[in-house]
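Here is the structure we will look at.
Numbering (the working numbering), first residue to last: 4 to 179.
This is the structure in structure tokens:
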């Protein structure tokens, strides 16, 4: 991580993709130590250009307490909120709201009439994924050009002032 850190300081990434498997999140899920480590090594500003990518979005739904599959939208909402909560804890702020996208790349994934892989909702995800990455990069550049860095701080004790989070300019929520 230290080698990556020195590279990032010289050439900050336009977009950071944080991947999480939607099908492996469960009751014992606790990635807070990982989020805390990422924040300590790379700084809070790493999360400003981060897109949360939930993979395996078309996997079979887990069973709820009643023995029936859980509601898909509720499952996505719960886990994306849980991950965002851990990020909030790691940066000691609830001001940041990372965009989320669902993806599925299994060979048996359903496709539309154009041959594009689609989610449960029938939406092709690849073009939306690319659009979100492009928007994240463009908004990051706008943050730099407009010098928003003075208008947003994570904590009063922060010794490094990050730029304004791109999520304040776009709030897509999970793209289903």
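Glycine included, each C-beta is placed from N, C-alpha and C at the ideal position.
Asked, Found
"Relative to the alpha-carbon of residue 53, which residue among 45, 80, 44 and 20 has its alpha-carbon at the smallest distance?", "20"
"Below 8 Å on the Cβ atoms is my contact criterion, and I expect residue 121 with residue 42 to pass it. Report the Cβ-Cβ distance as a whole number of Å.", "Actually they do not touch by this definition, with Cβ atoms about 35 Å apart."
"Using the three-state DSSP reduction, which class does residue 123 fall into: helix, strand or coil?", "coil"
"Whole angstroms are fine: how far does the CA of residue 99 sit from the CA of residue 51?", "7 Å"
"If I measure Cβ to Cβ from residue 119 and keep anything under 7 Å in the same chain, skipping five residues before and after, which residues do I get?", "127 and 129"
"Have a look at 22, 44, 139 and 26 and flag the residue whose alpha-carbon is nearest the alpha-carbon of residue 6.", "44"
"Residue 37 to residue 73, Cα distance in whole Å?", "27 Å"
"Over what stretch of residues does the beta strand (DSSP E) that includes residue 111 continue unbroken?", "Careful: residue 111 lies outside any beta strand (DSSP E) and carries neither H nor E."
"Roughly how many whole angstroms lie between the Cα atoms of residue 101 and residue 133?", "16 Å"
"From residue 8 to residue 61, what does the alpha carbon distance come to, in whole angstroms?", "34 Å"
"Quick check on the burial criterion: 16 or more other C-beta atoms within 10 angstroms. Buried or exposed for residue 115?", "exposed"
"Does residue 181 pass the burial test, meaning 16 or more other C-beta atoms within 10 Å, or should it be called exposed?", "Here the chain has residues from 4 to 179 only, and residue 181 is not among them."
"Residue 46 to residue 69, Cα distance in whole Å?", "42 Å"
"Give the secondary structure of residue 64 by DSSP, where H, G and I count as helix, E and B as strand, and everything else as coil.", "coil"
"Under the three-state reduction of DSSP, which class applies to residue 58: helix, strand or coil?", "strand"
"Between the alpha carbons of residue 34 and residue 71, how many angstroms are there, rounded?", "27 Å"
"If you check the beta carbons only, do residue 59 and residue 12 fall under 9 Å apart?", "no"
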